[in-house]
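Accompanying notes for the structure given below.
Residue numbers (the numbering used here): 580 to 717.
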């Protein structure tokens with residue numbers, strides 16, 4: 580009878596958690612040491628779109644051309660303009676003709692900073708009808 584009175588104690592095995600903080604710290608340290616950081620800053624590569632088909636703009640009086648060559652010089656209708664003065668040259672044209680479309684023809688080697696300055700100048704002049712000219716290709 581004595582055997583039937585003995586209770587069975589069930590015990591769950593303990594998982595030792597004393598070294599968990601050490602393991603986490605070693606993992607963090609390992610990934611910090613093995614991670615490679617780039618010392619150089621990457622410039623934004625601007626890939627200009629290629630046209631698959633072209634659409635002719637028939638009314639030439641509502642167009643002004645803005646060119647940026649490979650040296651960063653800005654030309655508005657074949658006259659050289661400093662890039663900081665684009666808004667002062669475009670604003671009178673916009674005031675004269677609200678339907679004016681500005682066609683931007685930008686050399687592919689120009690950094691985006693120059694393009695950004697010109698776009699900000701056009702925004703300041705309220706030239707909102709802007710078209711980017713593309714090279715024909717696939």
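Where is the CB? At the ideal position from N, CA and C, for every residue including glycine. Values in this document were obtained by computation on a predicted structure and should not be read as measured data.
- Non-local beta-carbon contacts of residue 643 in its own chain, meaning distances under 8 Å to residues more than five positions away in sequence, involve 655, 656, 669, 672, 679, 680, 681 and 682 in chain order.
- DSSP links residue 658 through a beta bridge to 655.
- Here residue 708 carries a coil assignment [DSSP, helix/strand/coil].
- In this structure, the straight-line span from the alpha carbon of residue 707 to that of residue 698 is close to 10 Å.
- Secondary structure note for residue 609: it is in no beta strand (DSSP E), and the uninterrupted alpha helix (DSSP H) holding it is 599-613.
- Just measuring C-alpha positions, the residue of 592, 684 and 659 sitting nearest residue 710 is 684.
- Secondary structure of residue 626 (DSSP, three-state): coil.
- Taking C-beta atoms as the reference points, residue 653 and residue 701 fail to come closer than 8 Å.
- Residue 673 sits in a helix when the DSSP states are folded into three classes.
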